[in-house]
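Under this note's numbering, the first residue of the sequence shown is numbered -18, with each subsequent residue one higher.
The beta carbon of each residue, even a glycine, is placed where N, CA and C say it ideally should be.
Beneath this line is the structure, given in structure tokens, with notes to follow.
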Amino acid sequence: MSIVLYGAGLSPYVRKVRLALALKGLDYELIPVIPQSDDKPEEFVKNSPLGKIPLIHIDDFYLADSSAILSYLERSRPDTSLLSDDPKLAAKAMWFEAYASSHMTSVIGGHLFAELILAPAFFNRPSNQEEIELAKTVEIPEIFDYLESVLCADYLLGNTLGHADICVGGSFVTMGHCGVGCDAAKWPKTSAYIDRLMSDPVFSPIISDEQQFLAAMGAS
Ligand SMILES: N[C@@H](CCC(=O)N[C@@H](CS)C(=O)NCC(=O)O)C(=O)O
């Protein structure tokens, strides 16, 4: 199976696909694509209908959208399943994916990371301090409150790292790039969960790659 992934590592959607590929033990080539750039590979422009990242090319098949890509990987590689056979647990994994890609990405990717790191380093404008403060003092603590109320094992849906964890954990990678942590005294289960994910051998090399990129851009 030849796999090429188009996208930028810092995108939470691209990160989700990289984590799924790594958990499934699938090698791939990452072709850097910044959606806003004028210099995108022709095959990306042709095959990503909305011009968004990620786009994946597997053998003769192009597919856009991280959720569609994870669904394809899951069905084509059921030997390394990231979803439970139990319909309720599989549906809950879909809920955590929706929660991460809508709410967590908006708070941690939009209000925190975009303002703290992207605005000065890439958008050439000052950070919006109000949004950063809102994320740090209200919105992220609310996310911790929610996760603390649902965590009852090592991972979100049991004792195996799966689909839900790569979706939710991806946002915590972004949070780590911003130097924001989770207070173990207030949220012991969530803090231990985040530490467990960030030190996981599937997460660690992806985090290091991203840290090196941010450092090279003078944005860390
Ligand atoms: N639903 C899509 C969202 C992908 C997405 O919004 N990617 C952003 C980068 S984080 C993008 O390509 N934005 C460029 C644009 O909206 O034109 C997915 O899950 O893959």
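Specify the secondary structure class of ALA100 as computed by DSSP and reduced to three states.
Position 119 of the sequence shown, counting from 1, holds the residue named residue 100. Residue state, collapsed to three classes: helix.
Anyone know if the C-beta pair for PRO186 and ALA3 falls short of 9 Å?
Translated into positions along the sequence shown, residue 186 becomes position 205. Translated into positions along the sequence shown, residue 3 becomes position 22. The Cβ atoms of PRO186 and ALA3 lie closer than 9 Å to each other.
Nearer than 8 Å: is that true of the beta carbon of LEU202 relative to any heavy atom of ligand 1?
What the structure shows of the chain is the stretch from -18 to 201, and residue 202 is not part of that stretch, so it cannot be assessed.
When we look at the beta-carbon of SER189 and count the other beta-carbons within 10 Å, is it buried (16 or more) or exposed?
Your numbering for residue 189 matches position 208 in the sequence shown. Counting the other CB atoms within 10 Å of its CB gives SER189 a total below 16, which places it among the exposed residues.
Would you mind reading off the limits of the alpha helix (DSSP H) that contains PHE184?
As a first step, residue 184 is located in the sequence shown; it is residue number 203 there, counting from the start. For PHE184, the enclosing alpha helix (DSSP H) stretches over residues 184 to 197.
What three-state label does DSSP hand TYR80 in the structure shown?
The count along the sequence shown starts at 1 and reaches residue 80 at position 99. Three-state result, TYR80: helix.
Find out if the Cβ-Cβ distance for the pair LEU11, MET(-18) is shorter than 9 Å.
Taking the sequence shown and counting its residues from 1, one reaches residue 11 at position 30. Taking the sequence shown and counting its residues from 1, one reaches residue -18 at position 1. No, Cβ-Cβ distance for LEU11 and MET(-18) is not below 9 Å.
List the residues that DSSP assigns as beta-bridge partners of GLY204.
Residue 204 lies beyond the range of the chain shown here (-18 to 201); nothing can be said about it.
Assign LYS(-3) to buried or exposed, taking buried as 16 or more other Cβ atoms, counted over all protein chains shown, within 10 Å of its Cβ.
In the sequence shown, the residue the question calls residue -3 occupies position 16. Buried is the call here.
Cα-Cα, which of LYS5, MET198 and VAL(-5) is closest to GLY143?
Counting from 1 along the sequence shown, the entry for residue 143 is found at position 162. Residue LYS5 is the option with its Cα nearest to GLY143.
Sufficient close CB pairs (3 or more, under 8 Å) joining the segment 87 to 97 to the segment 151 to 171:
yes
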